[in-house]
Structure formats: structure tokens, C-alpha cells
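Only one structure is covered here, and it is reproduced in the block below.
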Amino acid sequence: MTKLTKGNLLRIVCILASLILGITAIGYVPPVFGQANNEPAPFQTQPYPTVKLAVDLTIVSIDAEINRASQTTQVSIRSVGSLLEEIDFELPVTEYSDIERAIAQELNLTPTLIHPLMRYRID
């Protein structure tokens, strides 16, 4: 049976925190109180889970802010009738047709359905 010390208690707390938060500390051994503090190994997080999400949305507008300097477009999709009221993401394209095609592909729609909802702003 292991004696419960401050160092062991700290290790138990770290293990419980890693189980609850999904964080692993590979190679990290917490310092025992009163000892020199060595640099801990960097934290490594578990990969985020991939989730397929099927949601019925009524899209009311799609705003695209084109940044020619960085060759990216910030997209904001506004919807009603769902918990997801706004979806934001970035695309690595700046041409109108490419933007509409990429958004349509992300939403599994056709560009002809996307086009009337589009509003553009160029920076």
C-alpha cells in the first residue's frame, strides 16, 4: 500500500484532472513540494472528436468578407429556426464563383441556391 504524501496526492489530482478534461501529460511528473522544479514536458491534448451534424436550417443571409491581402474570405452564415444562429468560417479563396462553390459544397447545396443569399464586402 502506497503512503499518501503531498507528492502522491498531487499526482492523483493530475491524473483525475486529465481524465476529466481529456488532457494527457506525457512525461510530466509533478514536482514534490520542497524539491527543485524541473521544466515539465509540454501538454498534449487528445484530438477533438469528429461529429457528423445534421441540422435543419433556414438560411437568411451569407456574408463574405474578402481579404485580398491574405487571399482569404471570412464567411458568416445567419440562420433562423435552429440553435445554430450563426456559422463562421474562413475560406482560402477570393473569387466570387469559388466562394459560392466552396460554401455550397460545405452546406451540401448547389451554388444557384447560395447565390441569392450572398452579400460581399471587400477589404
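Each residue of the sequence shown is one higher than the one before, starting from 1 at the first, in my numbering. Note that beta-carbon positions come from the ideal geometry of N, C-alpha and C, so glycine has one too.
From residue i to residue j, what distance separates their C-alpha atoms?
i: Q74; j: H115; result: 16 Å
i: T24; j: M118; result: The predicted model places T24 with a pLDDT of 49, which falls under 50 and marks its position as unreliable; any figure quoted below should be read in that light. One C-alpha to the other measures close to 43 Å.
i: V55; j: D123; result: 32 Å
i: E65; j: G81; result: 25 Å
i: K52; j: S97; result: 27 Å
i: D88; j: R121; result: 15 Å
i: I62; j: I77; result: 5 Å
i: V60; j: N67; result: 23 Å
i: T112; j: E95; result: 16 Å
If distances are taken between C-alpha atoms only, which option among the options comes closest to residue i?
i: T58; options: S70, E95, S79; result: S79
i: P92; options: D98, T72, I99; result: T72
State the beta-bridge partners of residue i as determined by DSSP.
i: Q74; result: E65, E90
i: S142; result: The structure shown does not extend to residue 142, since the chain is modelled only from 1 to 123, so the question has no answer here.
i: Y120; result: A64
Within 10 angstroms of its Cβ, does residue i collect 16 or more other Cβ (buried), or is it exposed?
i: E86; result: exposed
i: A69; result: exposed
i: E100; result: buried
How do the region 85-104 and the region 46-53 stand: do at least 3 beta-carbon pairs fall below 8 Å, yes or no? no
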